[in-house]
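Undergrad: One line per chain: the protein sequences are Y and G, in this order.
So in our numbering, spot 88 of the first sequence is number 92, and the numbers just go up one at a time.
So in our numbering, spot 247 of the second sequence is number 265, and the numbers just go up one at a time.
Every residue, glycine too, gets a C-beta built ideally from N, C-alpha and C.
If you scroll down you'll find the structure; I have some questions about it.
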Amino acid sequence: MSAAAPPARIEPFRLRGANFNLLVLRLLDSRVEVVVPAIGDQFRRAPGMLRHAPVVIGLDDLAVRPEEMDFAALVAGLREHAILPIGTSGGTAEMRAAAQSAGLAPLRGAGHDTAPPLATAPEAVVLPPPPAAPSGAEAPRPTMFVDQPVRAGQRIWAQGADLVITGTVNPGAEVIADGSLHVYGALRGRAIAGGSDNMQARVFALQFDPELVSIAGYYAVRDGYGDAPMGRAVQVRLVGETMRFDRIG
Amino acid sequence: MAQVVTVTSGKGGVGKTTSSAAFSTGLAQRGKKVVVIDFDVGLRNLDLIMGVERRVVFDIVNVIQGEARLNQALIRDKRVETLAILPASQTRDKDALNKEGVAKIIEELSKEFDYIICDSPAGIEKGALLALYFADSAIVVTNPEVSSVRDSDRILGVIQSKSKRAEENRDPVREHLLVTRYDPIRVAKGEMLKLEDVQSILAVPLLGVIPESEAVLKASNAGTPVILDAETTAAQAYADAVSRFLGEDKPMRFVDAEKKGIFGRLFGGRAA
Chain Y
5 MSAAAPPARI EPFRLRGANF NLLVLRLLDS RVEVVVPAIG DQFRRAPGML RHAPVVIGLD
65 DLAVRPEEMD FAALVAGLRE HAILPIGTSG GTAEMRAAAQ SAGLAPLRGA GHDTAPPLAT
125 APEAVVLPPP PAAPSGAEAP RPTMFVDQPV RAGQRIWAQG ADLVITGTVN PGAEVIADGS
185 LHVYGALRGR AIAGGSDNMQ ARVFALQFDP ELVSIAGYYA VRDGYGDAPM GRAVQVRLVG
245 ETMRFDRIG
Chain G
19 MAQVVTVTSG KGGVGKTTSS AAFSTGLAQR GKKVVVIDFD VGLRNLDLIM GVERRVVFDI
79 VNVIQGEARL NQALIRDKRV ETLAILPASQ TRDKDALNKE GVAKIIEELS KEFDYIICDS
139 PAGIEKGALL ALYFADSAIV VTNPEVSSVR DSDRILGVIQ SKSKRAEENR DPVREHLLVT
199 RYDPIRVAKG EMLKLEDVQS ILAVPLLGVI PESEAVLKAS NAGTPVILDA ETTAAQAYAD
259 AVSRFLGEDK PMRFVDAEKK GIFGRLFGGR AA
């Protein structure tokens with residue numbers, strides 16, 4: 005999304021989130037001398053398939069200790085076949101760290117929940133007064149603002165932050181906030197707030213009509229809104245495990 | 019540099035080719051030098067609608083693959099002097115199109131023409147992406163119907179993120195909305211989306227509203243762009259759209275249900 009009249013820029017780059025579809029090469033054997041030739045065989049049979057393909061190495065099936073996995077040799081072996089490993093997915097923290105020292109950064113998939121945040125969540129639920137701030141270890145980020153309509157097929161994700169949208173969220177669009185979600189317009193797409201565990205997050209909309217609304221994983225679709233005032237200014241929040249829809253303003 | 023105008027929609031069958039043909043002809047009638055390119059390789063239609071299908075020798079794929087010069091592939095329109103057509107291939111695969119090839123063609127066409135109209139195929143895959151990549155302006159064709167509006171919204175998002183202008187961080191592609199097959203009587207009955215509803219979702223300047231018209235089918239079977247059937251409402255609406263594109267102020271016509279006179283009510287039928 006570009007602004008209408010961008011000011012003069014000094015930085016020679018632009019940092020922007022993007023989604024990519026990537027092939028995952030799951031390692032079912034830790035022996036590089038077995039894996040690389042097997043991939044080479046497959047590659048010879050279907051040469052176009054993996055040529056110059058960036059791949060993510062799947063670590064979930066590796067049963068050995070991290071020091072027994074020679075990531076450097078794996079990377080070198082794959083590159084000889086013109087396959088480019090760019091990162092890893094899954095695996096234990098130690099395995100990921102071992103891969104990282106060979107230059108393979110851990111990638112967080114769209115549907116994945118990595119173990120560490122969930123491990124602390126049950127503690128938060130047991131204590132009677134839930135903590136006001138989310139249990140995440142990172143410092144809170146500034147609110148993300150979006151001033152243009154969010155169109156079908158677009159996805160906005162405010163990581164570790166609240167999300168404010170001053171336009172409409174069209175049907176087929178997806179707006180996601182790890183904090184709370186505020187739409188100063190019509191909310192007609194999918195609204196997902198609270199990240200994986202922030203049950204205090206809320207969703208606000210001036211014209212409430214989403215396809216799906218979710219807070220910290222608890223969700224409802226149109227049929228499940230009960231007597232929510234559709235088309236009006238509404239706030240959505242969790243009370244225990246129940247979703248409440250209240251008029252505001 | 020010529021201005022590249024892409025006619026796209028996302029949804030199929032809403033009137034992209036009809037509109038590309040009418041719009042290009044309208045611009046050329048105003049004295050501009052216009053070339054219209056068919057990007058629908060494999061399902062080409064533009065040459066049929068323009069009435070030049072019997073004169074196609076070489077096509078865009080031949081040019082990209084170096085089998086023909088651009089001048090050999092261009093077909094000069096016989097009715098309007100400053101108009102030319104670059105047809106697509108019927109038999110080749112759409113994989114034969116690529117960014118570099120299209121870029122070279124556009125650069126060469128810019129030397130002769132003022133406007134390059136790109137008639138996009140339906141969808142959001144390679145053919146459609148190539149057709150919109152080089153756009154300076156985009157005309158998004160939409161029927162007043164929910165799936166068409168949803169797909170147009172999608173293609174607007176794609177234009178914003180995947181055009182060359184977006185990649186190079188230049189001024190964004192100028193977007194225009196062209197609502198086609200609009201029937202004010204059905205809108206009044208609640209069977210068809212209102213113009214305001216379409217605009218409130220797409221939020222893009224309205225270039226024109228083309229009424230549902232029998233003349234469109236007649237024109238495409240005759241191989242004549244509908245704008246040349248000048249008495250019809252569709253032709254007049256397209257002419258208004260061309261005027262607005264060139265900066266003139268024209269009130270929107272054919273958006274309100276007309277009161278039928280006694281003969282209209284007796285004999286029924288739609289506007290021609």
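Jot down the residue ranges of each uninterrupted alpha helix (DSSP H) in the segment 83-168 of chain G, minimum 4 residues, whole runs only, in chain order.
TA: With a minimum length of 4 residues, the continuous alpha helix (DSSP H) runs that stay inside the segment 83-168 of chain G are 88-91, 117-128 and 144-151.
Undergrad: List, in chain order, every chain G residue whose beta-carbon is nearer than 8 Å to that of A156(Y).
TA: Within 8 Å Cβ-Cβ: R168, D169, D171, R172 and G175.
Undergrad: What runs of the beta strand (DSSP E), each 3 residues or longer, lie entirely inside the segment 217-243 of chain Y?
TA: The segment 217-243 of chain Y contains these whole beta strand (DSSP E) runs: 222-225 and 238-243.
Undergrad: Can you give the Cα-Cα distance for P135(Y) and L111(Y), rounded to whole angstroms?
TA: Because the pLDDT at P135(Y) is just 39, under 50, the model does not fix this residue reliably, and the value given afterwards should be weighed accordingly. The straight-line gap from Cα to Cα measures roughly 29 Å.
Undergrad: Any beta-carbon of chain Y closer than 8 Å to the one on A221(G)?
TA: Chain Y contact via Cβ: present.
Undergrad: Within the same chain, show all residues whose beta-carbon is closer than 8 Å to that of A7(Y), passing over the 5 residues directly before and after it, in chain order.
TA: Since pLDDT at A7(Y) reaches only 43, below the 50 mark, its modelled position is unreliable, and the value read off the structure follows with that caveat. Taken in chain order, the list of residues that qualify is empty.
Undergrad: Assuming contact is defined by CB atoms lying nearer than 8 Å, are G44(G) and A257(G) in contact in what I supplied?
TA: Going by C-beta atoms, G44(G) is nearer than 8 Å to A257(G).
Undergrad: How is the alpha helix (DSSP H) around S238(G) delimited, first residue to last?
TA: Counting along the chain, the alpha helix (DSSP H) containing S238(G) begins and ends at E232 to A240.
Undergrad: Among V53(G), D247(G) and F41(G), which residue has its Cα nearest to the Cα of E125(G)?
TA: Answer by Cα proximity: V53(G).
Undergrad: Between the C-alpha atoms of L26(Y) and I93(G), what's the straight-line distance to the nearest angstrom?
TA: Cα to Cα, the separation comes out at about 43 Å.
Undergrad: For F131(G), I'd like the list of residues in its chain whose CB is within less than 7 Å of its CB, leaving aside the five on either flank, ordered along the chain.
TA: Closer than 7 Å at the Cβ level, and outside the excluded window around F131(G), lie A20, K51, V52 and V53.
Undergrad: Taking 7 Å as the limit between beta carbons, can you name the residues of its chain near E15(Y), skipping five residues before and five after?
TA: Closer than 7 Å at the Cβ level, and outside the excluded window around E15(Y), lies no residue.
Undergrad: Can you give the Cα-Cα distance for G44(Y) and V23(G), rounded to whole angstroms?
TA: Cα to Cα, the separation comes out at about 47 Å.
Undergrad: Identify which residue in G30(G), R48(G), P139(G) and N80(G) has its Cα closest to the Cα of E266(G).
TA: Here the closest residue by C-alpha is R48(G).
Undergrad: Which one of T170(Y), P146(Y), P175(Y) and G171(Y) has the shortest CA to CA distance from G157(Y)?
TA: Answer by Cα proximity: P175(Y).
Undergrad: Report yes or no: do three or more beta-carbon pairs, one from the segment 56-71 of chain G and one from the segment 131-146 of chain G, lie closer than 8 Å?
TA: Cβ pair count under 8 Å is three or more, so yes.
Undergrad: Using DSSP with H/G/I as helix, E/B as strand and the rest coil, what is E16(Y)?
TA: Note on identity: in this sequence residue 16(Y) is Pro, with Glu being the wrong assignment. P16(Y) falls in the coil class under three-state DSSP.
Undergrad: Taking M99(Y) as the reference, give the member of L88(Y), V173(Y) and M73(Y) with the closest Cα.
TA: It is M73(Y).
Undergrad: Quick check: the Cα distance between L64(G) and P269(G), rounded to an integer number of angstroms?
TA: If I take the Cα positions, the gap works out to 29 Å.
Undergrad: May I have a chain-ordered list of the alpha helix (DSSP H) segments no shorter than 4 residues that lie completely inside the segment 197-224 of chain G?
TA: The qualifying runs are 202-207 and 213-220.
Undergrad: Run down chain G in chain order and give the residues with a C-beta less than 9 Å from the C-beta of G253(Y).
TA: By Cβ distance, chain G contributes nothing, its closest Cβ being about 21 Å from G253(Y), past 9 Å.
Undergrad: Taking all protein chains shown into account, do 16 or more other C-beta atoms lie within 10 angstroms of the C-beta of K129(G), making it buried, or fewer, making it exposed?
TA: K129(G) is exposed by the Cβ-count criterion.
Undergrad: Is the shortest distance between the beta-carbon of P233(Y) and the beta-carbons of chain B less than 8 Å?
TA: The displayed structure is made up of protein chains Y and G, and chain B is not among them.
Undergrad: Beta-carbon within less than 7 Å of A123(Y)'s beta-carbon, same chain only, minus the 5 sequence neighbours each way: which residues are those?
TA: At A123(Y) the pLDDT is 33, less than 50, meaning the model places this residue with poor confidence; the figure from the coordinates comes in the next sentence. Closer than 7 Å at Cβ, skipping near neighbours: no residue.
Undergrad: Suppose you measure from the CA of E276(G) to the CA of T26(G); what does that come to, to the nearest Å?
TA: Using only the alpha carbons, I get a separation of about 30 Å.
Undergrad: Could you name the residues of chain G that P255(Y) contacts, counting a contact when the two beta carbons are closer than 7 Å?
TA: Absent from the model: residue 255(Y). The displayed extent of chain Y is 5 to 253, so no value can be given.
Undergrad: Spatial neighbours of H116(Y) within its chain, please: C-beta separation below 7 Å, excluding the five flanking residues on both sides.
TA: Low confidence applies to H116(Y): its pLDDT is 44, below 50, so where it sits in the model is not reliable, and the reading given next is rough at best. The answer is none, since no qualifying residue turns up.
Undergrad: Mind checking who M99(Y) pairs with in its DSSP beta bridge?
TA: DSSP output for M99(Y) lists no bridge partner at all.
Undergrad: CB-CB under 7 Å to R97(G), same chain, minus the five flanking residues each way: which ones, in chain order?
TA: Result list for R97(G): L246, in chain order.
Undergrad: Going by the DSSP bridge assignment, what does G265(G) pair with across the sheet?
TA: According to DSSP, G265(G) bridges with nothing at all.
Undergrad: What is the DSSP secondary structure of R69(Y), counted as helix, strand or coil?
TA: Note: R69(Y) maps to coil in three-state DSSP.
Undergrad: Taking one C-beta from the segment 232-252 of chain G and one from the segment 211-219 of chain G each time, how about it: are there three or more such pairs within less than 8 Å?
TA: Contact fails: fewer than three Cβ-Cβ distances are below 8 Å.
Undergrad: Contact defined as beta carbons within less than 8 Å: I believe L32(Y) pairs with V59(Y). What is the distance between those atoms, to the nearest angstrom?
TA: Not quite, the Cβ-Cβ distance comes to about 15 Å (not below 8 Å), so this is no contact.
Undergrad: Among the residues of its own chain, which have a CB less than 6 Å from the CB of V207(Y), if the five just before and after it don't count?
TA: Hits under 6 Å: L185, A195, A197, V217 and V240.
Undergrad: Please report the Cβ distance between I160(Y) and V168(Y), rounded to the nearest whole angstrom; I am assuming they are in contact, meaning their Cβ atoms lie under 8 Å.
TA: About 11 Å; that fails the 8 Å criterion.
Undergrad: Of all the options R192(Y), G62(Y) and P70(Y), which has the alpha carbon lying nearest to the alpha carbon of A237(Y)?
TA: Ranking the options by Cα distance to A237(Y), first place goes to R192(Y).
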